[in-house]
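Trainee: One structure coming up, written as structure tokens, with questions to follow.
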Amino acid sequence: MARIGVFICHCGENIGGTVDCEKVARTVAGYDGVAYSIDYKYMCSDPGQSLIKQAIKEKELTGVVVAACSPRMHEPTFRRACSEAGLNPYLCEMANLREHCSWVHEKSDATTEKAIDLVRMLVEKVKKNHALQTIKVPVTKTALVIGGGIAGIQASLDIANAGHQVVLIDREPSIGGHMSQLSETFPTLDCSQCILTPRMVEVAQHPNITLYTYAELESIEGFIGNFKARIRKKAKSIDEKLCTGCGMCITKCPNKKIPGEFNEGLGTRTAIYVPFPQAVPNKPVIDRLNCTYYTKGKCRVCEKFCPTQAIRFDQEDEIIEIPVGAVVLATGFTVKDTGFFPEYGYGKYRDVITGLQFERLASASGPTFGEIRRPSDGKIPQKIVFVACAGSRDPAKGIPYCSKICCMYTAKHAMLYQHKVHDGESYVFYMDIRAAGKMYEEFVRRAIEEDGVNYIRGRVSRIYEKNGKLIVKGADTLLNAMPVEIEADMVVLATAGVANEGSEELAQKLHVSYDEYGFFSEAHPKLKPVETNTAGIFLTGACQAPKDIPETVSQASAAAAKVAGLFSKDELSREPLIAVVNRSAPPLYSTCVGCFMCATACPYQAIEHEEIRDRKGQLIKTVARVNPGLCQGCGTCVAFCRSKSIDMEGYSHEQMYAEVMALLND
Amino acid sequence: MSTLLKEVITENTGIRIDQCYQCGKCSAGCPLSEEMDYPPSYLIRMLQTGNADLEEKVLRSFTIWVCLSCETCYSRCPMSIEIPKIMDFLRERSLVEHKSNRKAKKIIAFHRSFLKSIERTGRLYELGMLADYKLHTADLMQDMDLAPKMLAAGKLNIFPELIHDRANLSAVFSKTIKKKK
Amino acid sequence: MAEFEPKIVAFVCNWCTYAGADLTGTSRIKYATNVRIVRFPCTGRIDYMLLLKAFGEGADGIIVSGCHPNDCHYTSGNFHARRRWIVFRSLMDFMGIDVRRVHFSWVSAAEGAKWADVVNHAVANIRDLGPYDSYKKLAQNTEREISHG
Amino acid sequence: MALGFYPGCSLKGSSREYNESVLALARAFDIQLTEINDWNCCGATAAHNLNKDLSFALPARILALAEKQGLSEVLVPCAACYSRLATTLHELKKEDGLRTRISEVIGLELKASITLINVIQLIEKYVLPALDGRVVKPFNHKVACYYGCLLVRPHGILNFDREEEPQTMDAVMAKIGASPIDWAFKTECCGAGLSVSRTSTVSRLSGKIITDAVDRGAEAIIVACPMCHSNLDMRRKSINEFTGSPSSIPVLYITQALGMALGIERKELGIQRHFVKVEI
């Protein structure tokens, strides 16, 4: 005979002000199997919890229903309290009288009636609950970090320094990401490479970090603590063990006119190349799409000149499989190119460039060795226009959000330009200046007040070329929207930061959700900023949304702390609310007929085949079995099962029927 | 019924004036900006305030009449605000309230002569329209050199082309622009 | 005569619609009291036979609601739910069950206001349709026949 | 090939040569054009400037007459008329209430089922596929294709080419041997509806267009809109006075340019009617 205790919470006035809690307690007390029923001001308070614990012991309760707020809020609290009083925590259920009743209805009899119904449903459900034990799973203490920009580098170093193994992969031939392309960084104007390259080297030399560049995630399976990642190491066409990075091959490669990715198309590279001089690892790869040997069948000049015979034209992609316990996504972002802007010439004007291209022009290691020169004729621009919000905050172009970093880097660009071209004139067209950050506002003011950058509040409507000048048509909205026309030598568009191409596919591989713009979604916008909704997978940096370096680094360290926390235990506890296939006495063994419809429905490959044999080892039947480590408890298999042989703990057929029946038969 | 002009605009056109975040791209691209008393984004700002004096200025502005409906503003507006439709609405409203800008007299006279010509004949009778327009603007000399050249080139009809069902057309006018409110 | 107050059962998933209904509460958006929410882990878990059971026991209407397509916490549960619903609906229709009494919708955890709309819409709609006694009687008679031979 | 035809007022008056060249081209490619019976003026800028319902009713009457006549695809060469008809069609399709109201105003049944095409679409669809071997006098000149406003904007309604730097006219001209130039004023406004009431505006706006085309070496400006043509051609004297650098660049309808390349008599194409002499 069930002995259920029901505890009605007033939540101060939150529930009590709308629902007649006393009446609920009184009514429920009369139900079959209810041994105790009481209402109280705050059930989640210490005295409230003591009330429950005491009742469990004194009334020898076999189940508990707490009628209070949403179970999404306090279910763990009350289950813990039950457990402390010696009652299996899974024999505790919550009725949601606050979010689903008192807060959404006016005070009335109907509201109290609904509260009574909700409690009755859960009383009937809890009678069918089973005592369950948490599931323990082992943890593989290796983290996979995807993406080797500053986010991935920082996360890898932090995890590795905490004493855990890290596998860092990057799809480019070198780590470094966008930060390695930057000239100087706001608001301190320190050189980006100077602060980044030591970290890159540290990654390469760290005993706990295994680095695979030119590598991508092929697939991943498993669950928190127990993933199995398959990584495609793309063929670099060299033997990395033999290559010394002497660079002879690069000097000799006859194919020198390929637009270089690192210089954002403003410089060229060879077909066998390292992206930039400080690359890590500093060993070349052959770009097979542009290599004459691969496209035309002959050349092999690099092979001839390589002093260590390290060139491998027949190398193939290699797939390696590694067990990991956690994944950190740090795949970064990209910026829209100038071709995205019809009104700014569809990218056809060579002297209309992106902010990232300007970084390369301003960088001492860039194609112009740090001199600001026009890509078209190499002349130093005397008049330069910067356009903020190019694509960002533009719903008509499909990018309604603010890209966050452009205000600051545009101020930096204008400043760098004024530092390098003293007699030059610079203009910034902006809509709002978003300089929220330590020393950020001061930085922008410096650009305006000390470096004489002309800020004009208005958006540029059109850019066209006339007699070698770029005509920029804007308006000054602080001067009654007066039209402003500037004949510029060069225009820099602070183009919108957008998700990397292929981010959706990657998210789907990892079962991580993403927003409509392709950025990965955090599990909670405020309280879980580095978690994803898939346990064991974390994110950091601009793959979640555009962000600057300080923010990226802090988020990377945060993700690393989460991973370290996960790796601090040898075993993980998991909720036992999972599917089970029934078992019964011989000769039936199970009602499962082995159709494996469940396996087709399961998104987690959690359904296994189990062979039932007699003592002689003779096969009697094959039935389904749920791997408790893999099952996430969605219950799709339960709805699919034709013979009702698979059921779900916590949401069993019996429980759900009991709930519905209780609701409709008062 | 709302009394704020911006809300009246929303009720009649579905366009939400408060969507504008004042980037000024419309004013920057408008070919007529420099001839306007208030460039488009500025005019929208005036409407956003809900200030009665500013609304009055909008209805009395020259802007709404010099706007050519070239649609450049709308095509580049990041918020896809249909400014030409707003201008259409404001013009009609300005006329109804007898607030049209003095400088726009000729523009309005032209539109009126144009419609009068259509109402009478069904199709545009350019010579008739021009005569009517000149009568109303007292600008007798305007385009005097054009007409003979047009006649010579066979570009001007001496007589109007009349459509058959002119009764139908005159009904259309009396049910729309001539409807008594 | 007092207005007919329909009994409506809502089968919702834990991750989107249940959380969305929580948000309706936190936002203090009011809606009709006629709905009782039954929490499932995922719409994929919902066995549509339970809908028939609910009608048989006297429900006048049912709401089924989960995550938007592509937003399922379990990746694809809501797609399974939708696919099975399409099949099940035509079966219900064929059997003569009034399919207008089942409201299928997507409400995300961020759509508190939408949940209130879904409920109010369903209540108004089912109020117009009137009590669903016919199926209840049929189901109970059938049950009696079966148990009494 | 049979199409409905809405010439509009300009083509019957001040832009007669556009009508002549459209008809000449249609004859050359066996396209039967059936004029809509008893059509009226679309209301142009004047109607939508003064009264919304009238601005829908006038084009709606035209659409209704075309439907009554059983025409399904209607050619509208005038970009301004096209814009009014397309906008009306768009709004009528969007809003059933409006359709009922306007149908009552015009006293005619209104289904809003017509498909409209402009002259360039006509050329792309019916002329280019049959063009092989028909060009006898390649139009080997540098041309500035001028689209103006109403051919491409608003894209949501017209769904033709792209709003910035459109290409379709350029592609057609290249097919008949011309070299279209890349220039900056393809879709800038010429002053259109202010032609009579604010001539100075027209001189300023059209002046910029002509100057840019000439500066970039164009030998002719190609248009597909009677308003653009009359502003750039008939108003040339005042434009020249305004810019201070007189230009004699001719302005041709795309149909005239095609006709010339096909060897059709210049007179048949109405070229003698231009104010600015066509000496190419």
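Protein chains in written order, with my numbering: chain A, 19 to 684; chain B, 31 to 211; chain C, 1038 to 1186; chain D, 429 to 708.
Don't be surprised by glycine CBs; every beta carbon is placed ideally from N, CA and C.
Please read all numbers here as calculations on a predicted model, not as lab measurements.
(1) For chain A, check one thing: does any of its Cβ atoms lie closer than 8 Å to the Cβ of Pro114 (chain B)?
(2) Under 7 Å between beta-carbons, which chain D residues line up against Lys205 (chain B)? List them in chain order, please.
(3) In chain order, what residues of the stretch 563 to 597 of chain D put their CB closer than 9 Å to some CB of chain A?
(4) Using C-beta distances below 6 Å, list every residue in its chain close to Ala169 (chain A), excluding the 5 sequence neighbours before and after it, in chain order.
(5) Given Thr596 (chain D), which residues of its chain have a CB within under 8 Å of its CB, disregarding the five upstream and five downstream residues?
(6) Three or more C-beta pairs under 8 Å: does that hold for the stretch 480 to 491 of chain D against the stretch 439 to 458 of chain D?
(7) Determine the direct distance from the alpha carbon of Leu488 (chain A) to that of Gly263 (chain A), and round the result to whole angstroms.
(8) Starting from Phe1077 (chain C), trace the beta strand (DSSP E) in both directions and tell me its first and last residue.
(9) Shorter than 7 Å, the distance from the beta carbon of Val600 (chain D) to the closest heavy atom of the ligand ZN, or not?
(10) Give the range of the beta strand (DSSP E) segment to which Leu557 (chain A) is assigned.
(11) Output yes if chain A places a C-beta closer than 8 Å to the C-beta of Ala652 (chain D); else output no.
(12) Using CA atoms only, rank isn't needed, just tell me which of D:Asp610, D:Met655 and D:Leu586 is closest to Ala620 (chain D).
(13) Taking 8 Å as the cut-off, decide whether the C-beta atoms of Cys29 (chain A) and Tyr60 (chain A) are in contact.
(14) Assuming Ile474 (chain A) is part of the beta strand (DSSP E), what are its boundary residues?
(15) According to DSSP, is Thr352 (chain A) helix, strand or coil?
(16) As a quick exercise: from B:Glu122, B:Ala168 and B:Glu86, pick the residue whose alpha carbon is nearest that of Ile207 (chain B).
(17) How is Tyr419 (chain A) classed by DSSP in three states: helix, strand or coil?
(18) How far does the beta strand (DSSP E) with His627 (chain A) in it reach, from first residue to last?
(19) So, is the C-beta of Gly59 (chain B) closer than 8 Å to a C-beta in chain A?
(20) So Ser442 (chain D) contacts chain G; which residues on that side make the cut at Cβ distance below 8 Å?
(21) Taking one C-beta from the stretch 669 to 684 of chain D and one from the stretch 523 to 533 of chain D each time, how about it: are there three or more such pairs within less than 8 Å?
(22) Roughly how many angstroms separate the alpha carbons of Met112 (chain A) and Gly1149 (chain C), rounded to a whole number?
(23) Do Gly243 (chain A) and Thr356 (chain A) have their C-beta atoms closer together than 8 Å?
(24) Measure how close the beta-carbons of Gly104 (chain A) and Ile74 (chain A) come, nearest whole angstrom, since I'm counting them as under 8 Å.
(25) Let's see if you can read the secondary structure: which residues bound the alpha helix (DSSP H) around Lys527 (chain A)?
(26) What is the rounded straight-line gap between the Cα of Phe203 (chain B) and the Cα of Asp195 (chain B)?
(27) For Thr95 (chain A) and Leu682 (chain A), I'd like the C-alpha separation in whole angstroms.
(28) If you drop the 5 nearest sequence neighbours on each side, which residues of the same chain put their C-beta closer than 6 Å to that of Cys610 (chain A)?
(29) Mapping DSSP to helix, strand and coil, what is Lys521 (chain D)?
(30) Do you know offhand how far Lys301 (chain A)'s Cα is from Ile238 (chain A)'s?
(31) For chain A, check one thing: does any of its Cβ atoms lie closer than 8 Å to the Cβ of Glu85 (chain B)?
(32) Measure the alpha-carbon distance for Tyr1172 (chain C) versus Phe1092 (chain C) and round it to whole angstroms.
(33) Could you tell me whether the Cβ atoms of Phe585 (chain A) and Gly343 (chain A) are closer together than 8 Å?
(34) For Ile515 (chain A), does the three-state DSSP call read helix, strand or coil?
(35) With a threshold of 16 other CB atoms inside 10 Å of the CB of Cys87 (chain A), please say whether the residue is buried or exposed.
(36) If you reduce the DSSP assignment to three classes, tell me which class His1105 (chain C) lands in.
Mentor: Per the coordinate set shown:
(1) no
(2) Val533, listed in chain order.
(3) Arg590, Glu591, Glu592 and Glu593
(4) Ala348, Thr558, Gly559, Thr570 and Ala574
(5) Ile548, Glu552, Phe588 and Asp589
(6) no
(7) 43 Å
(8) Annotation for Phe1077 (chain C): the continuous beta strand (DSSP E) segment containing it runs Val1072 to Phe1077.
(9) No copy of the ligand ZN occurs in the structure displayed, which carries no ligand at all.
(10) Ile555 to Leu557
(11) It does not: the Cβ of Ala652 (chain D) has no partner Cβ on chain A nearer than 8 Å.
(12) D:Met655
(13) yes
(14) It spans Asn472 to Arg475 - the beta strand (DSSP E) in which Ile474 (chain A) sits, taken as one unbroken run.
(15) strand
(16) If we check each option's Cα against that of Ile207 (chain B), B:Glu122 comes out closest.
(17) coil
(18) Ile625 to Arg631
(19) yes
(20) In summary, chain G is missing from the structure at hand, where the protein chains are A, B, C and D.
(21) At 8 Å Cβ cutoff, the stretches do not touch.
(22) 21 Å
(23) No, the Cβ-Cβ distance between Gly243 (chain A) and Thr356 (chain A) is not below 8 Å.
(24) 7 Å
(25) Ser521 to Leu528
(26) 13 Å
(27) 30 Å
(28) So the list reads Val599, Val641, Ala642 and Ser663, once near-sequence residues are dropped.
(29) helix
(30) 28 Å
(31) no
(32) 7 Å
(33) yes
(34) The amino acid occupying residue 515 (chain A) in the given sequence is Gly; Ile does not appear at that position. In this structure, Gly515 (chain A) counts as strand in the three-state DSSP scheme.
(35) Cys87 (chain A) is buried by the Cβ-count criterion.
(36) Reduced to three states, the DSSP call for His1105 (chain C) is coil.
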